[in-house]
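In order, the protein sequences belong to chains A and B. For this note's numbering, count along the first sequence from 1 and bump the result up by 11. For this note's numbering, count along the second sequence from 1 and bump the result up by 302. All residues carry an ideal CB built from backbone N, CA and C; glycine is no exception. These numbers come from a predicted model, not from an experiment.
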Amino acid sequence: MNEFLDALSLGVRSMFAYQAVFFALLAMGLNLHFGYTGLLNFGQIAFAMVGGFGIAISVTQWGLPFFVGVLIGLVAAVVLALLLGLPTLRLRADYLAIVTIAAAEALRLLFRSVSSTPVTGGTQGISAFNTGFLDLSPWSPAGRYDILGTRWSGVELWTVTVGWTLVVLGSLLIFALMRSPWGRVLKAIREDEDAARALGKNVYSYKMQSLVLGGVFGALGGMVYALGTGSVQPDQYQNANTFLAYGALILGGAARVLGPVVGAMLLWFIIAFSDSGLSALIGNGVSFFGLFQLDDVFDATDVAFARFIIIGIGIMLLMIFRPQGIFGDRREVLLDAR
Amino acid sequence: MTHAPHRALVHGDRTGPPGASRTGPRPHRTSSGRWSSARRPLVLALLLASFAMVFAALLPSGTAQAAGEQVRGTLTTGSTGPIAGVEVTVTTAGGDEVDSVETDDAGRFAIDLPDGAGDYTVTIDEDALPEGVTAGDGASRDVTVEENRRLPVTFALTDGEERGSGRILAVQLFVDGLRFGLLIALAAVGLSLIFGTTGLTNFAHGELVTIGAVVAFFINATGVPLVAAAVVAVLVGAAVGALNELALWRPLRKRGTGLVAALVVSIGLSLALRYLIQTVYGGRSNAYTDYQSQRARDFGAFAITDRDLYSIVIALVVLVGVALMLQRSRIGKAMRAVADNRDLAASSGIDVNRVILVVWMAGGALAALGGVLLGLSDQVQWDMGFRLLLLMFAGVTLGGLGTAYGALLGSVIVGVFIQMSTLVIPNDMKYVGGLLLLIVILIVRPQGILGSRARIG
C-alpha cells in the first residue's frame, strides 16, 4: 500500500515536471501540424534537438549570451521547418511523414557522429550551458524545496516555472490564432485542401506557416528539456519521443487547445506511475495471476521499455476506438489522407 | 484506407498552384569510375585502413544494460576473418591483472570487471596474432569504464597481406552496397506491395525484419543449423504478416478507418512491437553461431566472405522469383491488378481480401528473410528493422511508392549509394547520406523512377 502511495505521488509529481512540459510543448506543435492543419510531422523531435543544441552550441562553443542562444535555436527550428516543408508540402501526407522521420533520424546520426564531435560533443553531448538561465532564477539552484510533499531542486523549480509559463502563453496564442481567420483557413485545409484552394487561399503557404510555428513550439520544448537536464546528448532525442508526443496529443484530444497539455500531463502520470509501480511489483516478486513470476519476464531495466510498449498499444487503441481522445470532437479528427 | 490509388480518379489529377513547377533538374548521377581512377593512392590507403579495422560489438549507447561492468570486443580483419585464440589481458590502473581470456572462434572477447567502474588497460598478445597481422596503433588500450557499462574496445589491426592486392575500394564498396541494397529490397518489396494494394504506409514493417532475425537467432542458439532456423523464421514472418492483416488491418478496413489514422496505428504497433522485442531479446547485438569464422574470398578487385556471397545469391534468386510470380502467376497478376485499381479488380471477380492476405504473408516472409540475412552480416539487434525501415522508405520512394519493381530498383540504388558514399563521408554518417538522398528525390522527382504521377497527390 505504501508503495502504491509512493507511486501515486511520484506520478502526480511528474505531471508537473519538466519532462511533462517538454512533451506538452512538443504535442502543442504537433497539434498545430496534425490536429489543425492535417500535416503528419513525425520528426518533431528534430525541432527539439535543434532548439536544445542551438542554446548549447551558441553558449559553450561560440561564447554567446544565453538569450542569443535561445534566438539561434528558434531560428534553427524555422530553417529546419522550411527545409522540410519546401519539398514535401505539395505532396501527399505520407511523404511529409517519411521525410520528417528520416530527417530527424539523419540529424541525430549527424549530431552524434565522430566528425561532428568538435561542435556537438558527439555521443557525449554538451553540458554546462545553462548558467545564464540559472542566474535569473529566484531560487538557489542548489537548494531543495518541498511543495505539497514533493521535493524539487532549485533548478527544476525554475525550469518548471518557465516551462509552464511558456505552455500557458503558447496555449493562449494557439487559442487566439484558431479563432482568427488564419486558424479557420488551417482547419479548412485540413478538411478539404481543394476547397480551400478554390477559395483562393495559398494552401502551400499556410501549410508552411503552420509547420514553422509548430516547429518553433517543438524547439521551445527541446530548450526546456535541455535546461531541465542541464545537458544535451543526441541520443536523448530518439524518434520514439515524437511518438510519445503523438500519444499525448491523441490521448488529450487533437484539435483542442488544451488537449496536448492535458495529454502530456496524463501521459507522464501513466509513465511514472507504471514505472514505479512495475518496479515495486518486480521487487516484491509478484506473480502474474499465478501463471508466472513477473520478475522472470521483466528485470529492472526492462521497466523503462515497458512504457513504450504501453504507449504504443495505447496509441493504437485510442486511434481505433476513440480517435478524438478525451476532449476532441470526433468529426474534427477523422482525417482523410492527402 | 483503401482508396489511395484511386484518388486521381475521384479528384482528377491534382496540380499545384500556378507557377509552381514540380519538375526540377534531373538528378545528377556521378559515375563511380571517376572516383577510383582519380583517387587511386588515397583509395588504396583507405582500403588498408578499412580492411584492417577491428570491429567491436557496437552497442547502441544510452540503452540501459544489465548491471555489471565489462570490456568486450572482437578481433577480426577483412582477410583473416575473426581471429581466435589471442590472449586478451585486462589490468587495473595500478597494474594488477584483473583477468585474461582467449578470443573465441568468432574472435570475440568479454571480460567482466568485478572491481566495478574505473580505469583499465586492455592488452592483446601481439605474438599470438596470425602472421602479417600487427596491431597498428599499439597492442594495449587505456579505457575508462563507467558504471554498468559494457565497454566496446577496438584494436586497429593492420593486415600485411592486404598490401599489394589488387582491390579497388570503389568496387569493394559497390559489392557491399549491392548486398545491402538487395537486403533492403527484400524487405521493401513487401512494404511497397502493401502500400500498393491497401494504401497503408506501414511503419511497423521494420519490426517484421527484426522478428525474422530474432526468431532465427533464438532457434539457432539452441543448436539448430542456421539454414533450418532461417526457414522457420521465414514461416514465422509469413504468419506474423497474416496475423497483421487478419487481426488488425482487415477489421480496420471494414470499420472504414482513414489512411492517416491507419498510419498512426501502424506507428503505435511499431513502437509496441519494437520495445516488446527489446524486452524479450535484450539490448545487445549478437551474431548467429554459424558461419562466423569465414575468411574473405579474394576476387581480384574485391573480396567477399562466403556468407555475404550466398546472401547476395539468395536475395537475387528470391527477388527474381518474386518478379516472376508477379509477372506470370495468377495471384501475382491479381496483386498487380489490385494495386492498379482495386475496384476494377474486385468487379473483375478477384477476391481482393484474399489477394491482400497473400501480399501480407509474402511481405512478412520476405522481410523476415531480409532480417535473417542482415543479421548474418551485421549482427542481430532489437532495432535493426526500424533503422532499416527508413532506408526501405528511401528505396521505395526512389523507385516509386506502390510499385514492386520500383521498390527493388530503388532499394538497390539506396544500398549502393550508402556504401559508396563512405568514399567521401565518414563511415558513421553513411545513413545520413541515404536519408538525404530520400529528401533530394522528393524534391526532384517525387513519383520516383518508376512511379506514376497520379499517386503523389
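Any chain A beta carbon closer than 8 Å to residue i
i, result
"B/A696", "yes"
"B/P454", "no"
"B/Y699", "A small fix is needed here, since residue 699 of chain B is Thr in this sequence, not Tyr. True, the Cβ-Cβ gap to chain A drops below 8 Å."
"B/L692", "yes"
"B/T512", "no"
"B/P748", "yes"
Cβ-based neighbour list, residue i, same chain, cut-off 8 Å, excluding 5 preceding and 5 following
i, result
"A/L231", "L36, G62, L85, L177, G181"
"A/V272", "A35, A38, M39, V178, S182, G263"
"B/E399", "T391, V392, T393"
"A/V23", "T161, F280"
"A/V235", "Y29, V32, F33, L36, T170, V173, G174, L177"
"A/V214", "I200, E204, A207, R208"
"B/V455", "A358, V373, R374, G375, V424, R443, V445"
"B/I743", "P329, A696, T699, L700, G750"
Beta carbon of residue i nearer than 8 Å to that of residue j
i, j, result
"B/G666", "B/G501", "no"
"B/L700", "B/I751", "yes"
"A/L95", "A/T111", "yes"
"B/G387", "B/E371", "no"
"B/Y590", "B/L528", "yes"
"B/M694", "B/I486", "yes"
"B/Q683", "B/D478", "no"
"A/A18", "B/L573", "no"
"A/M123", "A/M60", "With the sequence shown as reference, residue 123 of chain A is identified as Arg, and Met is not the correct amino acid for it. No; because the gap between Cβ atoms is not below 8 Å, this pair is not in contact."
"A/V125", "B/P728", "yes"
"B/L710", "B/L621", "yes"
"B/L484", "B/A617", "yes"
Contact set for residue i: own chain, Cβ-Cβ below 6 Å, skip 5 residues either direction
i, result
"B/L659", "E547"
"B/L565", "T503"
"B/S723", "K732, G735"
"B/Y593", "R609"
"A/G226", "F58, A88, A92"
"B/A535", "G514, V517, A518, A670, V674"
"B/R328", "Confidence at B/R328 is low in this model, with a pLDDT of 39, below 50, so its placement is unreliable and the value that follows should be read with caution. Once the five neighbours on either side are set aside, B/R328 has no close Cβ partner at all."
"B/V640", "T499, A647, V654, V657"
"A/G74", "none"
First and last residue of the uninterrupted alpha helix (DSSP H) at residue i
i, result
"A/V179", "165-190"
"B/Y583", "561-583"
"B/R555", "552-557"
"B/V392", "Taken as a continuous stretch (DSSP letters only), B/V392 belongs to no alpha helix (DSSP H), being part of the beta strand (DSSP E) at 389-394."
"A/A35", "29-41"
"B/I658", "654-680"
"A/Y217", "214-240"
Run of the beta strand (DSSP E) containing residue i, from where it starts to where it stops
i, result
"A/L91", "Unbroken run through A/L91 is the alpha helix (DSSP H), 77-99; no beta strand (DSSP E)."
"B/V435", "435-437"
"B/Y422", "420-426"
"B/V442", "According to the sequence as given, residue 442 of chain B is Ser; it is not Val. 442-447 is the span of the beta strand (DSSP E), which, as asked, contains B/S442."
"A/L51", "Taken as a continuous stretch (DSSP letters only), A/L51 belongs to no beta strand (DSSP E), as it is neither H nor E."
"B/R410", "410-415"
"B/V526", "From DSSP, B/V526 is part of no beta strand (DSSP E); its letter is neither H nor E."
7 Å CB neighbourhood of residue i in its chain, flanking five on each side removed
i, result
"A/Q55", "L37, G40, L41, G229, T253, A256"
"A/S138", "G241, S242"
"B/L575", "A506, E509"
"A/F27", "V171"
Neighbour flag for residue i against chain B, beta carbons, 8 Å
i, result
"A/M330", "yes"
"A/M327", "yes"
"A/I66", "no"
"A/A251", "yes"
"A/S182", "no"
"A/V81", "no"
"A/L292", "no"
"A/L238", "no"
Original post:
the stretch 712-746 of chain B: which residues have C-beta closer than 7 Å to a C-beta of chain A, in chain order?
Top reply: P728, D730, M731, Y733, V734, L737, L738, L740, I741, L744, I745
**OP:** Could you please tell me which residues of the stretch 148-173 of chain A, in chain order, have their CB closer than 8 Å to any CB of chain B?
**Re:** none
Original post:
Using Cβ-Cβ distances below 8 Å, what residues of the stretch 553-575 of chain B are close to chain A?
Top reply: L554, R557, T559, G560, L561, V562, A563, L565, V566, V567, I569, G570, L571, S572, L573, A574, L575
Original post:
If contact means a Cβ-Cβ distance below 7 Å, which residues of the stretch 91-110 of chain A contact chain B?
Top reply: P98, T99, R101, L102, R103, A104, D105, Y106, A108, I109, V110
**OP:** Could you please tell me which residues of the stretch 191-202 of chain A, in chain order, have their CB closer than 7 Å to any CB of chain B?
**Re:** none
Subject >> Near-chain A residues of the stretch 577-590 of chain B (beta-carbon distance less than 7 Å), N- to C-terminal order >> reply: Y577, L578, Q580, T581
Original post:
Between the stretch 12-45 of chain A and chain B, which residues of the former have CB atoms less than 9 Å from a CB of the latter, in chain order?
Top reply: Answer set for the stretch 12-45 of chain A: F45.
**OP:** Select from the stretch 499-531 of chain B all residues with a C-beta closer than 9 Å to any C-beta belonging to chain A, and list them in chain order.
**Re:** G501, T503, F505
Subject >> Members of the stretch 111-126 of chain A near chain B, C-beta cut-off 9 Å >> reply: I112, A113, A114, E116, A117, L118, L120, L121, R123, S124, V125, S126
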